[in-house]
Amino acid sequence: MVPLSRARRQELNRAKVLAAAREEFSERGFRDAGIDRIARRADLTRGAVYSNFPGKRALYFAALAEAAEQVPSGRAGATTETEALGAYARAWVTRLPIGGTDERAGAEFMSQITADPRLGKVFAQLVAVESVLLGTALERLGPGGRRVRLARSVLTTLHGAGRLAVAAPGFTDPFTVIRACEHLAELDFEDERPLPHLAHVPDARSVDEPWDPWTVPDLLTRRRAKVAEGVLLVLGLHRLEALEDALSAVPEGTPVTLVPVTSEPGELLPLVRLSLAEIRVRLSRSVPASARPAPRITLDQDLAAFAGVVAPDDETEEALLLRGGRVAARASGRGAGHAVAVFRDGLVPAGR
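Letter by letter, the sequence shown follows residues 2 to 353 in the working numbering.
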């Protein structure tokens, strides 16, 4: 029998730990789950668990993410904002503990987020990304204009319902929540573009650097995507909302690829994986594929390094314009994605 390589053995051990963790968290919840019991379930040592995950919370997020990634995408038929918001709310409320249901594995997720301000700040950015993706989709279904404030209001309603469902079981009526989200489409949120801060974004700088096409897993489609053309965004976890700056300015049909980065990947990137997996399912069940925004989002940290971000932190903002097998422009700092999106051979379009 051919001996396993170290990398292959570690991959198998990681899979065993995750399978054991999902069983443990499902049976006991986060608080009462134990690393020693997880190690015994996996037939591994405690040290083997910690060699793959920095702590119990990181393992918890990773186990939830793996389960969420296995949920199949749906097929949406909405043709209006109201229909899309109703379907989105339905997809969201199915996860609430209503009517006596209790998903032990995920029941303590929000308590972990609220217990640590560091996690809360990252989670806020992930919800902001969700509002950008939902809002952009609504713009393609509606009469025009920015819809990100509408999306934020819908998510505020849904998260509020979620917290109340946990704090006051039996009080929340899911049908009322769905109807409330549908009616939000009728309100005028006075939401306009361009966003004021974009007028002060420094121009991207023209460069001429080689670029080799890079194939990555896209978390929003669960397909492989080739990063060869368009805008590449490398954003720290405190700056993810800047995705909208690029999406709102990039020419139609230009690919946008986002790589979230952090200096603490062990615990925070599993949280990102979990959130994106849930967003994928909700969007697929509420918005037709033709109306969905098309950024690719990947956690391939090697791609970020290849783009020149070798020491990322949560405030990182780096953007590249890829064209014809070359890097044509770069920008760094606040608004980098927008600067690259509007770059035209050194000329900034009128009305920026």
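Each residue gets a CB set at the ideal place from its N, CA and C atoms; glycine is no exception. Nothing here was measured: the structure is a model prediction, and the numbers come from that model.
At the C-beta level, L244 and L236 come within 8 Å of one another. E12 and R38 have their C-alpha atoms roughly 20 Å apart. For R91, the enclosing alpha helix (DSSP H) has its first and last residue at 82-94. L188 carries a coil assignment under DSSP once its states are collapsed to helix, strand and coil. For L220 and T177, the gap between their C-alpha atoms comes out near 31 Å. For L248, the uninterrupted alpha helix (DSSP H) segment begins and ends at 244-248. Contact check for E140 and R147: beta-carbon distance about 7 Å, within the 8 Å limit, so the pair qualifies. A distance below 8 Å separates the beta carbons of E109 and R32. If you look at G237, you'll find it in the beta strand (DSSP E) that goes 231-237. For the options A49, P73, A169, the alpha carbon positioned closest to that of R281 is the one of P73.
With a 10 Å radius around the Cβ and a threshold of 16 neighbouring Cβ atoms, S264 comes out exposed. Using a Cβ-Cβ distance cut-off of 8 Å, the segment 179-186 and the segment 79-90 are in contact, since at least three pairs of beta carbons, one from each stretch, lie closer than that value. By the 16-neighbour rule on beta-carbons within 10 angstroms, P296 is buried. In this structure, G336 sits near V202, with a CB-CB distance shorter than 8 Å. Under the DSSP definition of a beta bridge, E318 partners with L236. In the DSSP assignment, the residues bridged to S333 are E319.
For the pair of segments examined, the segment 322-330 was found to touch the segment 203-214: the number of CB pairs separated by less than 8 Å reaches three. Counted as a single uninterrupted DSSP element, the stretch harbouring T258 is not any alpha helix (DSSP H) but the beta strand (DSSP E) occupying residues 257-262. N14 and E67 have their C-alpha atoms some 15 Å from each other. Taking the CA atoms as reference points, V133 sits about 13 Å from R194. For P266, no beta strand (DSSP E) segment is defined; the enclosing uninterrupted segment is the alpha helix (DSSP H) at 266-285.
By the neighbour-count criterion, in which a residue is buried when 16 or more other Cβ atoms sit within 10 angstroms of its Cβ, Q71 is exposed. For A226, the enclosing beta strand (DSSP E) covers residues 224-228. Just so you know, the alpha carbons of A63 and R283 end up roughly 20 Å apart.
Here DSSP, grouped into helix, strand and coil, assigns S6 to coil.
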